[in-house]
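Numbering (my numbering), first residue to last: 13 to 270.
Glycine residues also receive a C-beta, built at the ideal position from the N, C-alpha and C atoms.
Report on the structure given below.
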């Protein structure tokens, strides 16, 4: 069963989503060369707790930190570390979740550290564009894979425009969210439209494409968490939590003017 929220419950999720947005904004302000990913994690946890919320990730299936900090070829689930120092030219995907009054918000951004190559900036822009295309496809009465198709189509178009075939990560994707961080349904980032559960007002989904500058093959490191590209190419991850309303998608983890 896919959880259906009342308008009041979606408002509660919005409050959690804004905690996540403010946290990612704060992290982005200090993400510079010389800073460690542990520094980012410390700030994120403090920002979340100062808002009266709890980090969704810390302790989740044993995950040791409040954010996932995935640098360069790391795709998702990178563990923050005091020895992982950000360097000029790096990109880092920061995934963050917060629980407020029992409701979850979940969002990810890719940040450029110092002077980043045009190819990496294009990769991040393509991933973000694919996410927003997926969000635009959210419609009460539509089907789940309408979102998948929109994400895939946007990623392919960006690749054509940029003159590169971006790798799409297929093992990981979006998900339902609400009283738990990961709920039904699983939302693939590619597929034909018109399939899967029918979307209904009151549902909430995390929409999160992940693209690479090379192939789509992945490897999980020995830490049991960090997922990297098999070919060493760089990766980008963008995500927002989105509610389905009668008036269209409501992005719960973005400011009103996004």
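(request) With DSSP as the reference, label residue 277 as helix, strand or coil. (result) Absent from the structure is residue 277, since the part of the chain shown begins at 13 and ends at 270.
(request) Following the continuous alpha helix (DSSP H) through residue 172, name the residue where it begins and the one where it ends. (result) What you label residue 172 is simply residue 160 of the chain shown in a count that begins at 1. Element bounds for residue 172: 156-174.
(request) Apply the 10 Å Cβ neighbour rule to residue 17 and answer buried if 16 or more other Cβ atoms are within range, or exposed otherwise. (result) Within the chain shown, the letter at position 5 stands for residue 17. Under this definition residue 17 is a buried residue.
(request) Pull up the DSSP beta-bridge partners for residue 107, would you. (result) Here residue 107 is taken as the residue at index 95 of the chain shown, counted from 1. In the DSSP output, where bridge partners are listed per residue, residue 107 has 80 and 120.
(message) Can you give me the C-alpha to C-alpha distance between residue 118 and residue 29, rounded to a whole angstrom?
(response) Position 106 of the chain shown, counted from the start, is the residue given in the question as residue 118. Position 17 of the chain shown, counted from the start, is the residue given in the question as residue 29. So the alpha carbons of these two residues sit roughly 7 Å apart.
(message) I believe residue 238 touches residue 90 by the beta-carbon criterion, under 8 Å. Please report the beta-carbon distance rounded to the nearest angstrom.
(response) If you number the chain shown from 1, residue 238 lands on position 226. If you number the chain shown from 1, residue 90 lands on position 78. Their Cβ separation, rounded to whole angstroms, is 5 Å, which keeps residue 238 and residue 90 in contact under 8 Å.
(request) Could you tell me whether the region 20-35 touches the region 99-112, where touching means 3 or more Cβ pairs closer than 8 Å? (result) yes
(request) Starting from residue 12, trace the alpha helix (DSSP H) both ways and give me its first and last residue. (result) Past the boundaries of the shown model lies residue 12; the chain is included only from 13 to 270, so the question cannot be answered.
(request) Return the first residue and the last residue of the beta strand (DSSP E) that residue 253 is part of. (result) On the chain shown, position 241 is the one that residue 253 refers to. Note, residue 253: beta strand (DSSP E), 252-257.
(request) Return no unless some Cβ of chain D is closer than 9 Å to the Cβ of residue 124. (result) Of the protein chains in the structure, only one exists, and it is not chain D.
(request) Determine the burial state of residue 45: buried for a count of at least 16 other Cβ atoms within 10 Å of its Cβ, exposed for fewer. (result) Looking up residue 45 in the chain shown gives position 33. Burial call: exposed.
(message) By the DSSP assignment, the beta strand (DSSP E) with residue 131 in it spans what residues?
(response) Within the chain shown, numbered from 1, the residue matching residue 131 stands at position 119. That residue, residue 131, is in no beta strand (DSSP E); its alpha helix (DSSP H) goes 130-148.
(message) Whether or not the region 63-75 and the region 19-26 are in contact is what I'm after, with contact meaning three or more pairs of Cβ atoms, one per stretch, closer than 8 Å; do they touch?
(response) no
(message) In the DSSP output, what is residue 115 paired with across the bridge?
(response) Within the chain shown, residue 115 is the residue found at index 103, counting from 1. Residue 115 pairs with 112.
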